[in-house]
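Peer 1: Sharing a structure with you now.
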Amino acid sequence: MLLEITEREMPPDITVVELTGKLAMGRECQRVETVVDDLAKRGSTRVIFDMSGVDYMDSAGIGMLALATGKLKESGGSLAIVAPEGRVLQLLNLTQLTAIVKVCPTLDAAAAAL
């Protein structure tokens with residue numbers, strides 16, 4: 468399944484980007500990069516990537532998350548990731564991405580962490 472990206476607002480001022488499918492090298496990562504660029508330009512300072520629906524991620528996906536974290540920090544924002552369990556959470560822990568971005572089990576926990 469290709470990556471689906473849905474964006475919505477969560478009160479008071481949090482942008483939730485729901486990712487569903489595969490986050491892998493190619494168009495999927497480019498699409499996420501475009502979304503992050505748009506968020507930074509709009510001045511979105513609190514962003515959550517809800518990756519509960521991501522069933523596959525490769526090294527390009529990990530790199531994209533690191534890039535997204537950096538771009539949002541540069542624009543004065545912050546990122547939290549929802550990864551409740553499974554392969555995605557294992558990869559985030561294995562690559563130590565959890566050291567630079569908040570990873571939470573639920574959307575509410577991610578909102579509280581921002």
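Each number in the numbering used here comes from the position in the sequence shown (counting from 1) with 467 added on. For glycine and all other residues, C-beta sits at the position ideal for the given N, C-alpha and C.
1) Go ahead and pull the three-state DSSP assignment for residue 492.
2) Span of the beta strand (DSSP E) holding residue 519?
3) Tell me, which residues are paired with residue 549 by DSSP?
4) Got a sec, what are the start and stop residues for the alpha helix (DSSP H) residue 557 sits in?
5) Count the other CB atoms, across all protein chains shown, that sit within 10 Å of the CB of residue 509; report buried if there are 16 or more and exposed otherwise.
6) Nearest CA to the CA of residue 532: which residue from 500, 511, 476, 557?
7) Since residue 580 and residue 547 are thought to touch, with beta carbons under 8 Å apart, how far apart are those beta carbons, to the nearest angstrom?
8) Please classify residue 536: is it buried, with 16 or more other beta-carbons within 10 angstroms of its beta-carbon, or exposed?
9) Going by DSSP in three states, residue 469 sits in which element: helix, strand or coil?
Peer 2: Answer, in terms of the structure:
1) coil
2) 513-524
3) 517, 571
4) 554-561
5) exposed
6) 500
7) At roughly 5 Å, the Cβ-Cβ gap stays under 8 Å, so residue 580 and residue 547 are in contact.
8) buried
9) In the three-state DSSP reduction, residue 469 falls in the coil class, being neither helix nor strand.
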